[in-house]
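Novice: Take a look at the following structure, please.
If you want it as structure tokens, here you go:
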């Protein structure tokens, strides 16, 4: 080997060792993997990842690759770009060339129209280097511009490993799907900064820990305990997503559901006021082991998740009667809207399983913008051009069914199970609203109770599902055991669906 | 002292425990009625019921304490 080539190889070997020993010690002490070992978990066996920009800041021995590993790897045979901070180099802080490498990788992923992974393990901007230049084009400030421009063009998946405060914490939240390690944290300002600014004393965990973001803010889609789990989950997420917005998600061979569809009818209680777990119903519909709930801990009264039906990827939006009766809250409206939007961006057909008493009522939700946020859910559903199949499982009361892709929202088909009830509101509330004065006028309590009972029965007969099926309010009333078969059929029929929309820049609802 | 709170705004339909009862984590301790649905309230803690603060038929806000438990 010649001297010139030897020099390159020696230099590369040095760079690949990452930061100085004390940086490695710190990483080990925190129970975290060195970035190159971490990356190896993500990519197909025997397919080493390739890098670009390794020589960044090579004149400084302590700044190997300027603290970020960028390049491409192969997941299930597909090319995926990645940006992975190296915490052993200056705590993964973002310096000038670190930023430049990140931006070049983002632009490359967009040009190549391939997904991108962000493995975030960074203390934030390298303050001594930035001056006021963090606002320049080509600086860290441009990360979030590119995240925005890329959004919906190519999938962006994030894993957050450490604590991540201030501007840098926007990368995790700009990803389409964010996995947080259980001991990771992110916040707009660190506990130290919070104390300085407003005098509040708070731990990183309470301020922006994974549990908080999974349950309260809804910013973490998944929480995992090990780096192996994080990598396996990221790989699995990609299996539901196409490379870009022009392609369909990958097909897999169909599998029978884990639960016999003949059990569906018995899963749904006769009494419309009784809760049950909609996940049991999903088990009887989707291909075995294909369901992955997304944002499971947040606003659990609305379930969202990916699955396969007959081998084809679908996004499921389901009211969850086991939690708050399946009522739609402002938080669940946001969750639904964002999931529908994500699926539509990446050509993932949608299955809506409707069983909701409607949007929540009362002062608390009004102040929390139930109307304005509910509107987002309705807007996302209305705008989604992917195939949409709506199943009225049980209750479809009030405006809830609008958000849940009811017949007026042009789903490709609306199916009803015999347990379906479609009404403006439940019989108790409806009778009270319409006949309040008349009921109050009856003095004898027994006669009054009799009258209420009769009126409720009359009202209930008005939305009998056989009657509504006869009036074509739904396209088809099906035996529950046929549901899985019908879904396979409809998702196949509408795979090539085309929708025309009026010319405009974009809607005004966000 | 651990507090079991209402998980939704609504009317207390049934209180299933009384002071002195021993409850397990995950046990149903009350049922609220909200949006015409039965909403079970479960205890996050195991322990002895010390106090029941709200009675059947009363309106409660989400996050209001219903029952106190000594773990």
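Protein chains in written order, with my numbering: chain Z, 180 to 689; chain E, 663 to 733. Built from N, CA and C at the ideal position, the CB exists for glycine as well.
Return the Cβ separation of residue 357 (chain Z) and residue 337 (chain Z) in integer angstroms, given the expectation that the two are a contact with Cβ distance under 8 Å.
Specialist: Taking the first chain and counting its residues from 1, the one referred to as residue 357 (chain Z) is at position 178. Taking the first chain and counting its residues from 1, the one referred to as residue 337 (chain Z) is at position 158. Going by Cβ atoms, the distance from residue 357 (chain Z) to residue 337 (chain Z) rounds to 5 Å, so yes, they are a contact pair.
Novice: With residue 616 (chain Z) as the anchor, note down where its alpha helix (DSSP H) starts and where it stops.
Specialist: Here residue 616 (chain Z) refers to the residue found at position 437 when the first chain is read from its first residue. Note, residue 616 (chain Z): alpha helix (DSSP H), 606 to 620.
Novice: In three-state terms, what does DSSP make of residue 224 (chain Z)?
Specialist: For the purposes of this step, residue 224 (chain Z) is taken as the residue at position 45 of the first chain. In this structure, residue 224 (chain Z) counts as coil in the three-state DSSP scheme.
Novice: Using 9 Å as the limit for Cβ to Cβ distance, is residue 667 (chain E) near chain Z?
Specialist: Against the second chain, residue 667 (chain E) aligns to sequence position 5. No, residue 667 (chain E) lies away from the interface with chain Z (no Cβ there is under 9 Å from its Cβ).
Novice: Interface residues of chain Z around residue 698 (chain E) at Cβ under 7 Å?
Specialist: If you number the second chain from 1, residue 698 (chain E) lands on position 36. Correct list: 452, 536, 605, 607, 608.
Novice: Taking one C-beta from the segment 482 to 497 of chain Z and one from the segment 508 to 518 of chain Z each time, how about it: are there three or more such pairs within less than 8 Å?
Specialist: The segment 482 to 497 of chain Z is in contact with the segment 508 to 518 of chain Z.
Novice: On a CA-only basis, which of Z:257, Z:256, Z:306, Z:250 is nearest residue 264 (chain Z)? Give me that one, please.
Specialist: On the first chain, position 85 is the one that residue 264 (chain Z) refers to. Considering only alpha carbons, the answer is Z:250.
Novice: Can the beta-carbon of residue 534 (chain Z) be found closer than 9 Å to that of residue 500 (chain Z)?
Specialist: Looking up residue 534 (chain Z) in the first chain gives position 355. Looking up residue 500 (chain Z) in the first chain gives position 321. Yes. Within cutoff.
Novice: Can you give me the start and stop residues for the beta strand (DSSP E) that residue 669 (chain Z) sits inside?
Specialist: For the purposes of this step, residue 669 (chain Z) is taken as residue 490 along the first chain, with counting starting at 1. Segment 662 to 672 is the alpha helix (DSSP H) holding residue 669 (chain Z); no beta strand (DSSP E) there.
Novice: Taking the Cβ atom as the reference point for each residue, do residue 257 (chain Z) and residue 444 (chain Z) lie within a distance shorter than 9 Å?
Specialist: As a working note, residue 257 (chain Z) is residue 78 in the first chain. As a working note, residue 444 (chain Z) is residue 265 in the first chain. No, Cβ-Cβ distance for residue 257 (chain Z) and residue 444 (chain Z) is not below 9 Å.
Novice: With DSSP as the reference, please indicate the residues paired to residue 647 (chain Z) in a beta bridge.
Specialist: Here residue 647 (chain Z) corresponds to residue number 468 of the first chain, with the count starting at 1. Bridge partners of residue 647 (chain Z): none, in fact.
Novice: Interface residues of chain E around residue 504 (chain Z) at Cβ under 7 Å?
Specialist: Taking the first chain and counting its residues from 1, the one referred to as residue 504 (chain Z) is at position 325. What residue 504 (chain Z) touches in chain E: 696, 697, 699, 701.
Novice: Does DSSP classify residue 395 (chain Z) as helix, strand or coil?
Specialist: Here residue 395 (chain Z) is taken as the residue at index 216 of the first chain, counted from 1. DSSP places residue 395 (chain Z) in helix when its eight states are reduced to three.
Novice: Hey, residue 262 (chain Z) and residue 284 (chain Z): beta-carbon distance below 9 Å or not?
Specialist: As a first step, residue 262 (chain Z) must be located in the first chain, where it is residue number 83. As a first step, residue 284 (chain Z) must be located in the first chain, where it is residue number 105. Closer than 9 Å, so yes.
Novice: Could you tell me which chain E residues have their CB closer than 8 Å to the CB of residue 271 (chain Z), listed as they occur along the chain?
Specialist: To locate residue 271 (chain Z), count along the first chain from 1; it is residue 92. Result: empty, since nearest Cβ-Cβ is about 37 Å, beyond 8 Å.
Novice: Residue 671 (chain E) touches chain Z at which residues, Cβ-Cβ below 9 Å?
Specialist: By one-based count along the second chain, residue 671 (chain E) stands at place 9. Within chain Z, the residues near residue 671 (chain E) are 539, 540, 541, 542, 543, 544.
Novice: Excluding five sequence neighbours on each side, which residues of the same chain lie with their C-beta closer than 8 Å to the C-beta of residue 696 (chain E)?
Specialist: Within the second chain, residue 696 (chain E) is the residue found at index 34, counting from 1. Correct list, in chain order: 670, 671, 672, 673.
Novice: Kindly say whether residue 500 (chain Z), judged by its beta-carbon, lies nearer than 9 Å to any beta-carbon of chain E.
Specialist: In the first chain, the residue the question calls residue 500 (chain Z) occupies position 321. Chain E contact via Cβ: present.
Novice: Could you check how far apart the C-beta atoms of residue 634 (chain Z) and residue 610 (chain Z) are, in whole angstroms? I think they sit under 8 Å.
Specialist: Counting from one through the first chain, the residue named residue 634 (chain Z) turns up at place 455. Counting from one through the first chain, the residue named residue 610 (chain Z) turns up at place 431. That pair is a contact at about 5 Å.
Novice: If I'm right that residue 436 (chain Z) touches residue 466 (chain Z) with Cβ under 8 Å, what's the distance once you round it to whole angstroms?
Specialist: The residue given as residue 436 (chain Z) occupies position 257 in the first chain. The residue given as residue 466 (chain Z) occupies position 287 in the first chain. Residue 436 (chain Z) to residue 466 (chain Z), Cβ: 7 Å. Contact.
Novice: Excluding the 5 residues flanking residue 321 (chain Z) on each side, which residues of the same chain have their C-beta closer than 6 Å to its C-beta?
Specialist: As a working note, residue 321 (chain Z) is residue 142 in the first chain. 282.
Novice: What's the gap between the Cα of residue 561 (chain Z) and the Cα of residue 487 (chain Z)?
Specialist: The residue labelled residue 561 (chain Z) in the question sits at position 382 within the first chain. The residue labelled residue 487 (chain Z) in the question sits at position 308 within the first chain. Looking at the two C-alpha atoms, the distance is approximately 23 Å.
Novice: Below 7 Å on C-beta distance, what does residue 689 (chain E) contact in chain Z?
Specialist: The residue labelled residue 689 (chain E) in the question sits at position 27 within the second chain. Simply none; closest approach about 16 Å.
Novice: Could you list which residues in chain Z have their beta carbon closer than 7 Å to that of residue 614 (chain E), in chain order?
Specialist: Within the shown structure, residues of chain E are numbered from 663 to 733, placing residue 614 (chain E) beyond reach of any answer.
Novice: Report the three-state DSSP secondary structure of residue 520 (chain Z) (helix, strand or coil).
Specialist: Taking the first residue of the first chain as 1, we reach residue 520 (chain Z) at position 341. Helix at residue 520 (chain Z).
Novice: Quick one: measure Cβ to Cβ for residue 197 (chain Z) and residue 243 (chain Z), integer angstroms, because I've assumed they're closer than 8 Å.
Specialist: Residue mapping note: residue 197 (chain Z) aligns to position 18 of the first chain, counting from 1. Residue mapping note: residue 243 (chain Z) aligns to position 64 of the first chain, counting from 1. Contact holds; Cβ gap of about 5 Å.
Novice: From residue 677 (chain E) to residue 694 (chain E), what distance separates their C-alpha atoms?
Specialist: The residue labelled residue 677 (chain E) in the question sits at position 15 within the second chain. The residue labelled residue 694 (chain E) in the question sits at position 32 within the second chain. Computed Cα separation, rounded: 9 Å.
Novice: If you follow the beta strand (DSSP E) that residue 250 (chain Z) is in, where does it begin and where does it stop?
Specialist: Taking the first chain and counting its residues from 1, one reaches residue 250 (chain Z) at position 71. Run containing residue 250 (chain Z): 247 to 254, per the beta strand (DSSP E) assignment.
Novice: Across which residues does DSSP place residue 567 (chain Z) in a beta bridge pair?
Specialist: Here the question's residue 567 (chain Z) lines up with position 388 in the first chain. In DSSP, residue 567 (chain Z) forms a bridge with Z:529.
Novice: Can the beta-carbon of residue 318 (chain Z) be found closer than 9 Å to that of residue 286 (chain Z)?
Specialist: One-based indexing of the first chain puts residue 318 (chain Z) at position 139. One-based indexing of the first chain puts residue 286 (chain Z) at position 107. Contact flag unset, no.
Novice: Answer yes if the segment 714 to 723 of chain E comes into contact with the segment 673 to 682 of chain Z, meaning at least three C-beta pairs across the two stretches below 8 Å, and no otherwise.
Specialist: The segment 673 to 682 of chain Z, when compared against the segment 714 to 723 of chain E, does not touch it at the 8 Å Cβ threshold.
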